[in-house]
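To start, the structure itself, in structure tokens.
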Amino acid sequence: MRVWSSEHVFGHPWDTVIKAAMRKYPNPMNPCVVGVDVLERSVDGRGRLHSHRLLSTEWGLPSLVRAILGTSRTLTYIREHSIVDPVEKKMELCSTNITLTNLVSVSERLVYTPHPEDPGKTVLTQEAVITVKGVSLGSYLESLMANTISSNAKKVPPLTVGGGVAKGAGILLSVCS
């Protein structure tokens, strides 16, 4: 099992970032996400918005990784559940793959909150837990996947202002603008 974590500060208020987060996919800046289906959306008694979505992704795994995993499948599905609390100003998003779970599990948790010192900014904390199962090179593949997540997290499109940590952050910045 490998754990990866990151923190990013957006130069936008919480409500702007949350609106962008809810509509960031599909997006040409991340062509791996090829589809998003809203399965259920509701507001609970406390005024929190609950969303359940299904993301269709095309990983494009290297042939070596496909050979080690024993699969040619690269289209995968991810289950995502988010809770947006407009009173507490907190959005929590949890996602996990529902394809290839007998081989690999990637669980991700993102939390968006207002910056504690500047309400015009938003803090994103992100964590991913990666587990490869039943493969002799499991530890190697977990490291490879963690490094890929970390590498993607550092890619920010040149259109973004002020740099950033997460590729998703770059996408959100483009949607915010």
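Residue numbering for the sequence shown follows the working numbering, beginning at 215 and increasing consecutively. Just so it is clear, CB atoms sit at the ideal spot from N, CA and C, and this is done for glycine as well.
**Study point:** Cβ-heavy atom distance, V298 to the ligand GTP, below 7 Å
**Key:** Summarising the ligand content, the structure contains no ligands, and the ligand GTP is consequently not present.
Point to revise | DSSP-derived helix/strand/coil call for L387 | key: Residue 387 sits at position 173 when you count from the first residue of the sequence shown. Model confidence at L387 stands at a pLDDT of 49, short of 50, so the residue's coordinates are unreliable; what they give is reported in the following sentence. Helix.
Exercise for review: Go ahead and pull the three-state DSSP assignment for V231.
Suggested key: On the sequence shown, residue 231 is found 17 positions in, with the first residue counted as 1. DSSP places V231 in helix when its eight states are reduced to three.
Point to revise | Coil, strand or helix - M243 by DSSP | key: As a first step, residue 243 must be located in the sequence shown, where it is residue number 29. Here M243 sits in coil by DSSP.
Check your understanding: Given a threshold of 16 other Cβ atoms within 10 Å of its Cβ, counted over all protein chains shown, does S219 qualify as buried or as exposed?
Key -> Translated into the one-based positions of the sequence shown, residue 219 becomes position 5. Exposed: under 16 other Cβ atoms inside 10 Å.
Point to revise | Unbroken beta strand (DSSP E) run spanning K304, endpoints | key: On the sequence shown, residue 304 is found 90 positions in, with the first residue counted as 1. Its beta strand (DSSP E) spans residues K304 to N311.
Practice item. Taking L325 and I344 to be in contact with their CB atoms under 8 Å, please state how far apart those CB atoms are, rounded to whole angstroms. Key: By 1-based counting over the sequence shown, the position of residue 325 is 111. By 1-based counting over the sequence shown, the position of residue 344 is 130. It is worth fixing the name first, because residue 325 is Val in this sequence and not Leu. In fact, because the Cβ distance is near 19 Å, the residues do not count as touching under 8 Å.
**Study point:** Three CB pairs or more closer than 8 Å across the segment 260–279 and the segment 292–311
**Key:** yes
Practice item. Quick one: grab the DSSP three-state call for L278. Key: Position 64 of the sequence shown, counted from the start, is the residue given in the question as residue 278. Note: L278 maps to helix in three-state DSSP.
Review point. Under the DSSP definition of a beta bridge, which residues are partnered with H264?
Key: Your numbering for residue 264 matches position 50 in the sequence shown. The partner list for H264 (beta bridge, DSSP) reads S256 and I297.
Review point. For the 8 Å Cβ check, are there 3 or more pairs between the segment 334–342 and the segment 222–238?
Key: yes
Exercise for review: List the whole-angstrom C-beta distance separating T339 from E254, where the pair is believed to meet the contact cut-off of C-beta under 8 Å.
Suggested key: On the sequence shown, position 125 is the one that residue 339 refers to. On the sequence shown, position 40 is the one that residue 254 refers to. That belief does not hold up - the Cβ atoms of T339 and E254 are roughly 25 Å apart, past 8 Å.
Review point. What whole-angstrom Cβ distance do G348 and V301 have, given they're in contact under 8 Å?
Key: In the sequence shown, the residue the question calls residue 348 occupies position 134. In the sequence shown, the residue the question calls residue 301 occupies position 87. The Cβ separation is near 44 Å, so there is no contact.
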